[in-house]
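Peer 1: Counting from 1321, one number per residue, gives the positions in the sequence shown under this note's numbering.
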Amino acid sequence: MEIKKSPKADLEKRKTLSLLMGYVVALAVLFVAFEWSSRDVKVSKDEGVQDVIAEEEIEITRTDNTPPPPPPPAPVATEVLNVVEDNVEVDTEIMSTDDSQDAQQQEAYVPPAVVEEEEEETNQIFTVVEEMPQFPGGETALMQYIAKGIKYPMIAQENGIQGRVVVSFVINKDGKVVDAQVVRGVDPSLDKEALRVISTLPAWKPGKQRGKPVRVKYTVPVLFRLQ
1321 MEIKKSPKAD
1331 LEKRKTLSLL
1341 MGYVVALAVL
1351 FVAFEWSSRD
1361 VKVSKDEGVQ
1371 DVIAEEEIEI
1381 TRTDNTPPPP
1391 PPPAPVATEV
1401 LNVVEDNVEV
1411 DTEIMSTDDS
1421 QDAQQQEAYV
1431 PPAVVEEEEE
1441 ETNQIFTVVE
1451 EMPQFPGGET
1461 ALMQYIAKGI
1471 KYPMIAQENG
1481 IQGRVVVSFV
1491 INKDGKVVDA
1501 QVVRGVDPSL
1511 DKEALRVIST
1521 LPAWKPGKQR
1531 GKPVRVKYTV
1541 PVLFRLQ
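1. How would you label Asp1511, buried or exposed, when you count the other beta carbons within 10 angstroms and need 16 or more for buried?
2. Is the stretch 1524-1544 touching the stretch 1487-1496 in the sense that three or more CB pairs, one from each, lie closer than 8 Å?
3. Less than 8 Å between the C-beta atoms of Glu1469 and Val1506, yes or no?
4. If you check the beta carbons only, do Pro1453 and Pro1522 fall under 8 Å apart?
5. Considering only residues of the stretch 1466-1505, which uninterrupted beta strand (DSSP E) runs meet the minimum length of 3 residues and lie entirely inside it, listed in chain order?
6. Report, in whole angstroms, the separation of the C-beta atoms of Ile1475 and Ser1509, which I expect to be a contact under 8 Å.
7. My output table needs one value for Thr1336: the three-state DSSP class, helix, strand or coil.
8. From the DSSP secondary-structure annotation, give me the bridge partner or partners of Pro1533.
9. Pull the bridge partners of Tyr1538 from the DSSP assignment, please.
10. Put Gln1464 into one of helix, strand or coil per three-state DSSP.
11. Just confirm the distance between the C-beta atoms of Gly1527 and Val1449, as a whole number of angstroms; I'd bet it's less than 8 Å.
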């Protein structure tokens, strides 16, 4: 009689299933082991690289705070003292470089020709100056002096000649009247008399330009009128 096995009691099928489960578990353990070891290596490599980079950065950014060495001291000039005996005469005249330069400048100095320009300016005849010449007593006293000093020429009186003679003259730096001449005449006899009276004028107060007396040209009318 043949013995029949129940499917539930068949252990061959379960053996195969258990073997497959064991393979799966073993593969899972191996995979976890490989994954764990790779992570450790990666972390260790990264930490090493970071350490190297940190060390390199520290070396690059490092500054040297050591101060520069001080400059060498300047050489000290030593004075040489000459010992002189009491009986020896010592020349104490000292001539500095400034004195020599001043002497050279004085020798080479050429004075400008300002004096000549001033002399030319004072000898120049002006018509208008800052301070005009003044007759003693003013313009009224001048007209009175001329009127009193005129002597009417007989020839002009006989011929009935009258008019105004204009005379110009120069008042020097000392106030004296010079270079009288007729600017506009009427008759030779009247012109001559007008020049005579003007030449007898007393000294004036001279005119001034820039505070200095100068020569000034002045013009005066001399009136001849028959009464």
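Glycine included, C-beta positions come from ideal geometry on N, C-alpha and C.
Peer 2: Quick answer:
1. What you label residue 1511 is simply residue 191 of the sequence shown in a count that begins at 1. Buried.
2. yes
3. On the sequence shown, position 149 is the one that residue 1469 refers to. On the sequence shown, position 186 is the one that residue 1506 refers to. Here the sequence assigns Gly to residue 1469, which means Glu is not the residue at that position. No, Cβ-Cβ distance for Gly1469 and Val1506 is not below 8 Å.
4. Numbered from its first residue, the sequence shown carries residue 1453 at position 133. Numbered from its first residue, the sequence shown carries residue 1522 at position 202. No.
5. 1483-1491, 1497-1504
6. Against the sequence shown, residue 1475 aligns to sequence position 155. Against the sequence shown, residue 1509 aligns to sequence position 189. Their Cβ separation, rounded to whole angstroms, is 5 Å, which keeps Ile1475 and Ser1509 in contact under 8 Å.
7. Within the sequence shown, residue 1336 is the residue found at index 16, counting from 1. In this structure, Thr1336 counts as helix in the three-state DSSP scheme.
8. Here the question's residue 1533 lines up with position 213 in the sequence shown. By DSSP's assignment, Pro1533 forms a beta bridge with Lys1528.
9. In the sequence shown, the residue the question calls residue 1538 occupies position 218. Per DSSP, Phe1489.
10. Counting from 1 along the sequence shown, the entry for residue 1464 is found at position 144. Reduced to three states, the DSSP call for Gln1464 is helix.
11. Your numbering for residue 1527 matches position 207 in the sequence shown. Your numbering for residue 1449 matches position 129 in the sequence shown. At roughly 4 Å, the Cβ-Cβ gap stays under 8 Å, so Gly1527 and Val1449 are in contact.
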